[in-house]
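Residue numbers (my numbering): 808 to 1331.
Shown next as structure tokens:
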């Protein structure tokens, strides 16, 4: 997955302290993508101890409570003898660690573990503090459980992925080696000086019942999307400048009359980025110039802006989930233990599907601008496929093929996962969210968007170079300076794959955006 500017600046000495009120989105990114250490606050330790005392009292009383003295799912009415309740919790973890497939990325698993610590620390799960500390120890020793990609239906939360994390606490299962290999958990714990834990009543269930995996992926995706949507405004402006487009459709008064906040922000970015350009000055007063630009140029803020507003909605949903108790059953302060459906991932699944649709369209409109830049009949005097010697050379022809293929894939991935429920557990869990699938494919859409913007960046820079001796905007000069060292100047064909890979790195990283903002001011 991409690592954007959002993950830059995390220092090894940074510390994230988990409070009973939870953690912030920035905390999740810092732990997932950096090496920030994790600590549990005294208040959180006290909250967990208080709720554990309630569970101990219930267990001593002998009354049936789901997950404490009964089985799980369709076995909820099966009573478990007191002497077998610890065995029940261990068996739960082993049976639910039933995922299959390639391992999830380190950053996803670290985010998921931190969020499970957050959930336990809220004091509604009835677990001993040592359980949360066990997960913290894994994070701080950089031990990442091997979590297969398939297994979660998003209700009761991310059962299988969280079980693959929990089983490592037992000294079983697998962890992800530094080289990507699969290592026995017992070996990793021993090397770190850590010891396996024994679970008490309810603790196995509390380790795996919640939305932490899908929430972690959504939070990481939101961080990526925020950066990529700003970079989409950058590549839009560069492409418009290279195609001798007009800056007038981006005037603020034209967006004030349709007051969508994302649209106004995107338009303001593009307008600002087009200033100070001799290329733009060259045709501003030319009456023979096109009266209206194509939609892919003129309507860019309407698409990218709608995506920004969708991102704000997804962030609102994720922020609410960060302060939510998503376990089942939950321990209430008055001593009651109540069943709940808060583990259901529908809010996160809906938000992820919506954001995937938006991100797919940001990429689709970028590909249309690339196609226009390469088409000699529409590019306003640029050479075919941006090659000065077209015929012998194909220029960026096949780079656009690649972009078109990625757009097609994103359209398939934009189909919502959250409408695709399948019943499980003997019809006890007869409606599930598919939130894990929704957030997982969202990350793929954003990775694909990075590639699409990389193609647009390369094509736009080629176009700006071909407008010489006219000088581009400050943003254009920064882009040429960033791309030319690995892409050169327009000329004979190059082996394009490594050039596109480096363009992806430029899009995903913070450097080009920082250079542009130093010249133009901060982008919205």
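Think of the CB as a built atom: it goes at the ideal place given N, C-alpha and C, for glycine as much as any other residue. Nothing here was measured: the structure is a model prediction, and the numbers come from that model.
- Judged by their CB atoms, residue 1015 and residue 903 are nearer to each other than the 7 Å cut-off.
- With a beta-carbon spacing of about 23 Å, residue 1001 and residue 965 fall beyond the 8 Å limit used to define contacts.
- Taking C-alpha positions only, residue 888 is separated from residue 1221 by approximately 48 Å.
- For residue 922, the enclosing alpha helix (DSSP H) has its first and last residue at 913-928.
- Ranked by Cα distance from residue 925, the first of 1122, 1131, 1031, 985 is 1131.
- Assigned with DSSP and collapsed to three states, residue 957 falls in strand.
- In the three-state scheme derived from DSSP, where H, G and I count as helix and E and B as strand, residue 877 is classed as strand.
- Residue 844 sits in a strand when the DSSP states are folded into three classes.
- Annotation: residue 1076 to residue 1331 spans about 6 Å, alpha carbon to alpha carbon.
- Fully enclosed alpha helix (DSSP H) runs of no fewer than 4 residues occupy 1068-1080, 1085-1088, 1102-1105 of the stretch 1064-1109, in order along the chain.
- Take residue 871, set aside five residues on each side of it, and the residues of its chain with a beta-carbon closer than 8 Å to its own are 877, 886, in chain order.
- In the three-state DSSP reduction, residue 1033 falls in the helix class (H, G or I).
- Residue state for residue 1314 is assigned as helix, using DSSP reduced to three classes.
- If you look at residue 907, you'll find it in the beta strand (DSSP E) that goes 907-910.
- When the beta-carbon positions are compared, residue 1225 and residue 1160 come within less than 7 Å of each other.
- The three-state reading of DSSP puts residue 902 in helix, counting H, G and I together.
- Contact check for residue 1114 against residue 1165 passes: the beta carbons are separated by less than 7 Å.
- In the three-state DSSP reduction, residue 894 falls in the helix class (H, G or I).
- Scanning its chain for C-beta atoms nearer than 7 Å, with the 5 sequence neighbours on each side dropped, one finds around residue 1239 the residues 960, 961, 962, 1228, 1229, 1231, in chain order.
- In the DSSP assignment, residue 858 forms no beta bridge with any residue.
- Contact between residue 1009 and residue 933 holds: CB atoms are separated by about 5 Å, below the 8 Å threshold.
- For residue 997, the enclosing alpha helix (DSSP H) starts and ends at 992-999.
- A Cβ-Cβ separation of about 6 Å places residue 1027 in contact with residue 839 under the 8 Å criterion.
- Take residue 1263, set aside five residues on each side of it, and the residues of its chain with a beta-carbon closer than 7 Å to its own are 1042, 1046, 1173, 1176, 1177, in chain order.
- In its chain, beyond the 5 residues on either side, 1194, 1200, 1201, 1202 have a beta carbon closer than 8 Å to the beta carbon of residue 1300.
- Scanning 1250, 1248, 1295 for the CA closest to the CA of residue 1265 turns up 1295.
- The three-state secondary structure of residue 1018, taken from DSSP, is coil.
- Annotation: residue 1133 is outside any alpha helix (DSSP H) and is labelled neither H nor E by DSSP.
- For residue 1145, the beta-bridge partners assigned by DSSP are 1137.
- Setting aside the 5 residues that flank it on each side, residue 1288 is surrounded in the same chain by 1322, each with a C-beta closer than 8 Å to its C-beta; the list follows chain order.
- When C-alpha distances from residue 875 are compared across 1282, 1135, 856, 1050, the shortest belongs to 1135.
- Around the beta carbon of residue 1257, a 10 Å sphere encloses 16 or more other beta carbons of the protein chains shown; the residue is thus reported as buried.
- As the crow flies, the alpha-carbon of residue 1208 is around 59 Å from that of residue 856.
- Counting only residues of its own chain and dropping the five nearest sequence neighbours on each side, residue 1242 has a CB closer than 6 Å to the CB of 961, 1021, 1152, 1155, 1156.
- When the five nearest sequence neighbours on each side are left out, the beta carbons in the same chain lying within less than 7 Å of the beta carbon of residue 1186 are those of 1050, 1179, 1180, in order along the chain.
- Per DSSP, residue 824 is one residue of the beta strand (DSSP E) stretching across 822-825.
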